[in-house]
């Protein structure tokens with residue numbers, strides 16, 4: 001009878017362990033220097049995902065672009081720093097890279113999320129570390145398409161002119177905005193301090209009857225996650241936010257199930273995709 005060499009047994013154990021092992025994914029985020037929300041809401045959702053899929057683990061890595069006031073000129077200057085941020089994050093060999101500022105992309109002109117994603121992908125490739133790049137702007141647009149939305153109601157923290165730019169951008173992607181609110185908070189730190197408990201009352205005063213989806217926060221800096229379930233229950237409408245859309249896009253790029261408890265309709269499991277295609 002042939003004896004099994006100890007090294008063969010060791011290799012067999014390694015193979016079995018690898019099969020049962022968890023997989024850790026590095027999540028890279030390009031964030032405005034004054035952003036205090038995306039590094040809390042996105043990790044919270046992905047960690048909640050791990051409670052249902054314990055084999056999926058995540059670490060979080062950020063690079064920052066300078067921005068304090070949510071003004072078009074500052075946003076354009078900030079966007080110019082995104083290439084540097086992508087290179088820095090590619091040094092960490094992140095598995096997916098998210099540009100986490102919706103308004104910076106939308107203020108650069110209609111369809112700019114496609115330009116940005118392509119350019120930043122090329123930057124990571126030039127560093128020998130190609131990673132899929134998403135933007136919160138593109139993620140929101142794609143999420144609305146996934147949800148089959150035609151008409152939406154929208155809440156944004158921006159001043160009216162920037163809010164109009166955001167609405168024009170979304171309209172150019174084929175959506176009708178039936179009602180909207182601009183909270184007119186110019187300071188980005190103050191946007192991050194806005195109490196999400198106020199959002200249900202804001203939505204209650206809107207005409208959302210014809211909306212297919214309510215975009216509760218068209219800004220990755222305005223906290224909204226704690227209010228999503230309440231607004232869905234009160235309105236009977238699916239509720240989406242920029243951070244929820246970003247999380248869905250991250251999971252999709254990683255080929256993971258788009259399921260997060262307590263994160264609204266999009267991440268309820270009602271909108272699956274072919275995870276095998278990404279595996």
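Numbering (UniProt numbering), first residue to last: 1 to 279. Note that CB positions come from ideal geometry on N, CA and C, so glycine has one too.
Who are residue i's beta bridge partners in DSSP?
{"i": "residue 28", "result": "61 and 97"}
{"i": "residue 240", "result": "215"}
{"i": "residue 177", "result": "152"}
{"i": "residue 187", "result": "69"}
{"i": "residue 182", "result": "156"}
Measuring alpha carbon to alpha carbon, tell me which residue in the options is nearest residue i.
{"i": "residue 182", "options": "166, 174, 172 and 170", "result": "166"}
{"i": "residue 128", "options": "173, 57, 87 and 49", "result": "87"}
{"i": "residue 205", "options": "234, 228 and 122", "result": "234"}
{"i": "residue 47", "options": "273, 271, 265 and 261", "result": "261"}
{"i": "residue 274", "options": "257, 265 and 268", "result": "257"}
{"i": "residue 222", "options": "192, 236 and 246", "result": "192"}
{"i": "residue 89", "options": "77, 125, 66 and 107", "result": "125"}
{"i": "residue 236", "options": "254, 249, 53 and 212", "result": "212"}
{"i": "residue 40", "options": "145, 96, 230 and 224", "result": "224"}
{"i": "residue 99", "options": "132, 68 and 72", "result": "132"}
{"i": "residue 253", "options": "97, 21 and 22", "result": "97"}
{"i": "residue 36", "options": "270, 243, 135 and 111", "result": "243"}
{"i": "residue 153", "options": "173, 146, 179 and 249", "result": "179"}
{"i": "residue 54", "options": "102, 27, 38 and 259", "result": "259"}
{"i": "residue 284", "options": "49, 64 and 63", "result": "A query on residue 284 cannot be resolved here, the shown segment of the chain reaching from 1 to 279 and no further."}
{"i": "residue 198", "options": "38, 157 and 207", "result": "157"}
{"i": "residue 70", "options": "104, 145, 38 and 84", "result": "104"}
Quick check on residue i: does DSSP put it in helix, strand or coil?
{"i": "residue 154", "result": "strand"}
{"i": "residue 55", "result": "coil"}
{"i": "residue 260", "result": "coil"}
{"i": "residue 227", "result": "helix"}
{"i": "residue 265", "result": "helix"}
{"i": "residue 209", "result": "coil"}
{"i": "residue 143", "result": "helix"}
{"i": "residue 23", "result": "strand"}
{"i": "residue 49", "result": "helix"}
{"i": "residue 204", "result": "helix"}
{"i": "residue 168", "result": "helix"}
Just mark residue i as buried or exposed, buried being the case when its beta carbon has 16 or more other beta carbons within 10 Å.
{"i": "residue 246", "result": "buried"}
{"i": "residue 24", "result": "exposed"}
{"i": "residue 79", "result": "buried"}
{"i": "residue 82", "result": "buried"}
{"i": "residue 189", "result": "exposed"}
{"i": "residue 31", "result": "buried"}
{"i": "residue 238", "result": "buried"}
{"i": "residue 52", "result": "exposed"}
{"i": "residue 118", "result": "exposed"}
{"i": "residue 266", "result": "buried"}
{"i": "residue 171", "result": "exposed"}
{"i": "residue 138", "result": "buried"}
{"i": "residue 65", "result": "buried"}
### Query
Where are the alpha helix (DSSP H) runs, 4 residues long or more, that stay fully inside the segment 68-137, in chain order?
72-79, 82-91, 102-106 and 112-126
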